[in-house]
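Chains A and B, in that order, give the protein sequences. My numbering runs 71 ahead of the 1-based position in the first sequence. My numbering runs 430 ahead of the 1-based position in the second sequence. A virtual CB, placed ideally from N, CA and C, is assigned to each residue, including glycine.
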Amino acid sequence: MEHIETTFEERSVHPLDEPVFERMEALAYQLPPATSPPMHRAPPAKLDLGQHLHFIRHQGGAGCFAYALLAVWDIMNEMACPYTPNLSLAPYMLLHRRRDIWESRGGAVTRDGRFVSFKVGPEYGFFQEVGNPTLGTEMVGYSANPWCGLTNLNLGPVALEGSVPTVGWTVEGLNEAPMYRLAGLPKVLPRVTSESLILHLAAGHPMRVQIPSHFLALVGYDLAAKTFTYVDSAGDRKHNAGFGTVTFAEVDDPKRPYFSKAEVIDIVSPRPVPAARIRFSHSNRMNVGLWLSVEGSPIPRRQIWPPPQYHDDGLESRFLGHWMPWDDNSRNLHFTVRLPTELIWPPGPNNRLVLDVHDSGAYTTTGGQLDEFTAAFGGHVVKCDALNEGPAQFGSHSHHRFFIE
Amino acid sequence: MSKIQASWVHGAAVVPEREGYFVTRRNYRNGSAFKTHGKEWFLFAVPTPVLVDSKRAKLIKAFVLFETGSGARITDLEVFDGGKKIATFGGLSLTGNHSTSLDQSNSWIIEPPISMTFGLAICVRVDFGNPQVGSVPAIRFASAGVDLLTD
């Protein structure tokens, strides 16, 4: 069994994250306690909420607190509304990285003139009132990626303030962030014990858990093996395809409990939106570029992978002053992205959804295979005919095009 | 002697109250169709001759011609004169194809007649329901209109 201790014990908090950790420690006392959910029957012997998580993120340098929360949020979205697009990290990271644009006044003014108070943490107020956009379709450029380019570019306070609201807007001119909101403040478990964690998981609540220098998303348990399952934000090469385990005994260790804190969140259930789910297998997913478009549309095809925000906020880019490729060495990709708005549901022979796949061979030359390309709107699911007979292989330095009609 | 006037707009004129990724719209020559889930309002702005021969026109009937599919149903209808709500019809559960002729499911009598002042909007609330396997709930609006009475 892999121990968190051997994985994370020697790890120190990333310098970029230090103020966040301090702030979150202080905020923990302002958050309401989580009450134990009522149990009408015994918890199941085994539970895996991780089955609802398709997209295994890789945090690169920093930001585990955000990645862990979004893993929890993604799972809850998928449970409430299957095929909900994966959420974007851009607002979260902006608010944490650029504390100078909100800390002095305790909030930020959005483009539509609202003052969003951050009394109890920027992410909570912002994510309740404004919401959070989804990954892969946000606006390209500084306005949508302020936590990258703006971390070291001094554009002045006006430009920075203006960047706060744009993180919810997409290139089509609509704000999708209100669709994905927290229903209230996160609730902190008064005591982190294996029993309390099991109760909340059994009630359908994955949790963000903290070890001293890291955050994870707790997604399941096995009563027979006496283990919990968590998902890390280190890509799918780490642990078992991104998922690790920790024993009940380690959690309940009175001297050195593994988890110092556990949080439950409540979400506003999202509504179905037209979305695509794409899964490919590869030796390194950063080789592969994906574009979604509607055949015949005058609007340029949009790159959905790597998404715009996947440009490094690591130290190197901060010093160099330009974006760097994200340090993501994960093998496979399985994620859900909102369809271009120019596609009028459903796709059809005269309204084809197009997926362009290009393997650059930049990191590995193994090629890969497209396992799934599905479009869905609520319960209406349409699959790519080209994959009916099985996955489609693609080599490095090659371009392929797939259709849903 | 009373005169009746009618004012109608084609379904292509309808607008959803909220626009977003969660509603898809397709315009056909026989109306505009919407697909989504949950409850949404749709608005028709109907050209309204509020004065006819120097006399105030009175609203006596409202019509919305529609066709539903995959579980969508009309649950409410409201009529506004400018910013003022002048008629409400709730507790409806209207489904099916009522897009080609007038019947009890697409006609509403306004009793007593209401004098029009600032222009009329017919607002239709549709409950598209929850996601279901194999289809997306839909409604097509073919047309909407009113009958107006002048003394």
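Give the residues of chain C in contact with residue 563 (chain B), contact being defined as C-beta atoms less than 7 angstroms apart.
In summary, chain C is missing from the structure at hand, where the protein chains are A and B.
Let me check understanding here. Comparing Cα to Cα, which of A:372, A:368, A:434 and A:113 lies closest to residue 400 (chain A)?
Residue A:434 is the option with its Cα nearest to residue 400 (chain A).
Quick one: does residue 496 (chain B) have its CB under 8 angstroms from some CB of chain A?
Not closer than 8 angstroms to any Cβ of chain A, the Cβ of residue 496 (chain B) fails to qualify, so no.
Could you confirm whether any beta carbon from chain A is found closer than 8 angstroms to the beta carbon of residue 472 (chain B)?
Chain A, which has no Cβ nearer than 8 angstroms to the Cβ of residue 472 (chain B), makes this no.
Could you work out which residues of chain A lie near residue 452 (chain B), taking near to mean beta carbons separated by less than 8 angstroms?
The answer, in chain order, is 250, 342, 343 and 344.
Identify the contact partners of residue 120 (chain A) in chain B, using a Cβ-Cβ distance below 9 angstroms as the criterion.
Simply none; closest approach about 20 angstroms.
Quick one: is residue 245 (chain A) near chain B, going by C-beta distance under 8 angstroms?
Yes, residue 245 (chain A) counts as interfacial toward chain B.
With H, G and I counted as helix, E and B as strand and the rest as coil, what does DSSP make of residue 571 (chain B)?
Here residue 571 (chain B) sits in strand by DSSP.
Quick check on this structure: which residue in A:439, A:283, A:320 and A:281 has the alpha carbon closest to the alpha carbon of residue 298 (chain A)?
Measuring from the Cα of residue 298 (chain A), the nearest candidate turns out to be A:320.
Name the chain B residues whose beta carbon is nearer than 9 angstroms to that of residue 409 (chain A)?
In chain order: 451.
Please classify residue 130 (chain A): does DSSP put it in a helix, a strand, or coil?
Looking at residue 130 (chain A) - three-state DSSP - the assignment turns out to be coil, as it is neither helix nor strand.
Look at the Cβ atom of residue 469 (chain B), then the Cβ atom of residue 566 (chain B), and state whether they are nearer than 8 angstroms.
Their beta carbons are not under 8 angstroms apart, which means residue 469 (chain B) does not touch residue 566 (chain B) by this criterion.
Quick test of your reading: residue 148 (chain A) and residue 206 (chain A), contact by CB under 8 angstroms. State the CB separation rounded to the nearest angstrom.
That pair is no contact at about 12 angstroms.
Please confirm if residue 468 (chain B) has its CB atom under 8 angstroms from at least one CB of chain A.
Chain A, which has a Cβ nearer than 8 angstroms to the Cβ of residue 468 (chain B), makes this yes.
Go ahead and label residue 456 (chain A) buried or exposed: buried means 16 or more other beta carbons lie within 10 angstroms of its beta carbon, across all protein chains shown.
Answer is exposed; the Cβ neighbour count stays below 16.
Where do the ends of the alpha helix (DSSP H) carrying residue 97 (chain A) lie?
Per DSSP, residue 97 (chain A) belongs to the alpha helix (DSSP H) from 89 to 98.
May I ask you to report which of helix, strand or coil DSSP gives residue 173 (chain A)?
In this structure, residue 173 (chain A) counts as coil in the three-state DSSP scheme.
Using a Cβ cut-off of 7 angstroms, pull out every chain A residue sitting near residue 566 (chain B), in sequence order please.
Going along chain A in sequence order, the residues near residue 566 (chain B) (Cβ under 7 angstroms) are 416, 448, 449 and 451.
Whose Cβ in chain B lies nearer than 8 angstroms to the Cβ of residue 412 (chain A)?
Result: 451.
Interface residues of chain A around residue 503 (chain B) at Cβ under 8 angstroms?
None at all; the shortest Cβ gap to chain A is about 16 angstroms.
Should residue 531 (chain B) be counted as a contact of the ligand FAD given a C-beta to heavy atom distance under 7 angstroms?
In terms of ligand content, the structure shown is empty, and the ligand FAD therefore cannot be addressed.
Under the three-state reduction of DSSP, which class applies to residue 152 (chain A): helix, strand or coil?
Coil at residue 152 (chain A), not helix or strand.
Tell me the DSSP secondary structure of residue 197 (chain A) in three-state form.
If DSSP states are grouped into helix, strand and coil, residue 197 (chain A) belongs with the helices.
Can you name the start and end residues of the beta strand (DSSP E) that residue 495 (chain B) belongs to?
First-last of the beta strand (DSSP E) with residue 495 (chain B): 488 to 499.
Are the beta-carbon atoms of residue 579 (chain B) and residue 488 (chain B) separated by less than 8 angstroms?
The answer is yes: Cβ separation under 8 angstroms.
Find the nearest neighbour of residue 410 (chain A) within the set B:521, B:556, B:453 and B:492, judged by alpha-carbon distance.
Cα-wise, what sits closest to residue 410 (chain A) is B:453.
What does residue 455 (chain B) reach in chain A if we use C-beta pairs closer than 8 angstroms?
Under the 8 angstroms cutoff, chain A gives 415.
Buried or exposed: where does residue 122 (chain A) fall if 16 or more other Cβ atoms within 10 Å of its Cβ makes it buried?
Exposed, because fewer than 16 other Cβ atoms sit within 10 Å of the Cβ of residue 122 (chain A).
Taking one C-beta from the stretch 358 to 365 of chain A and one from the stretch 424 to 438 of chain A each time, how about it: are there three or more such pairs within less than 8 angstroms?
Yes, they touch.
Taking the straight line between their C-alpha atoms, what separation do you get for residue 246 (chain A) and residue 164 (chain A)?
For residue 246 (chain A) and residue 164 (chain A), the distance between alpha carbons rounds to 18 angstroms.
Under a three-way DSSP split, which group does residue 271 (chain A) fall into?
Helix, per DSSP.
Taking 8 angstroms as the threshold (C-beta atoms), are residue 570 (chain B) and residue 411 (chain B) in contact?
Lying outside 431 to 581, the shown extent of chain B, residue 411 (chain B) is not represented and no answer is given.
Tell me whether residue 392 (chain A) is buried or exposed, calling it buried when 16 or more other Cβ atoms sit within 10 Å of its Cβ.
Confidence is the limiting factor: at residue 392 (chain A) the pLDDT is only 42, short of 50, which leaves the residue's position unreliable, though a coordinate-based value still follows. Burial call: exposed.
What residues in its chain sit with their C-beta under 7 angstroms from that of residue 368 (chain A), if we drop five residues either side in the sequence?
Counting only Cβ-Cβ distances below 7 angstroms, and skipping sequence neighbours, we find 413.
Is the beta carbon of residue 301 (chain A) sitting closer than 8 angstroms to the one on residue 314 (chain A)?
Closer than 8 angstroms, so yes.
Given a cut-off of 8 angstroms on the beta-carbon distance, is the pair residue 374 (chain A) and residue 332 (chain A) in contact?
Against a cut-off of 8 angstroms, the Cβ pair of residue 332 (chain A) and residue 374 (chain A) comes out as no contact.
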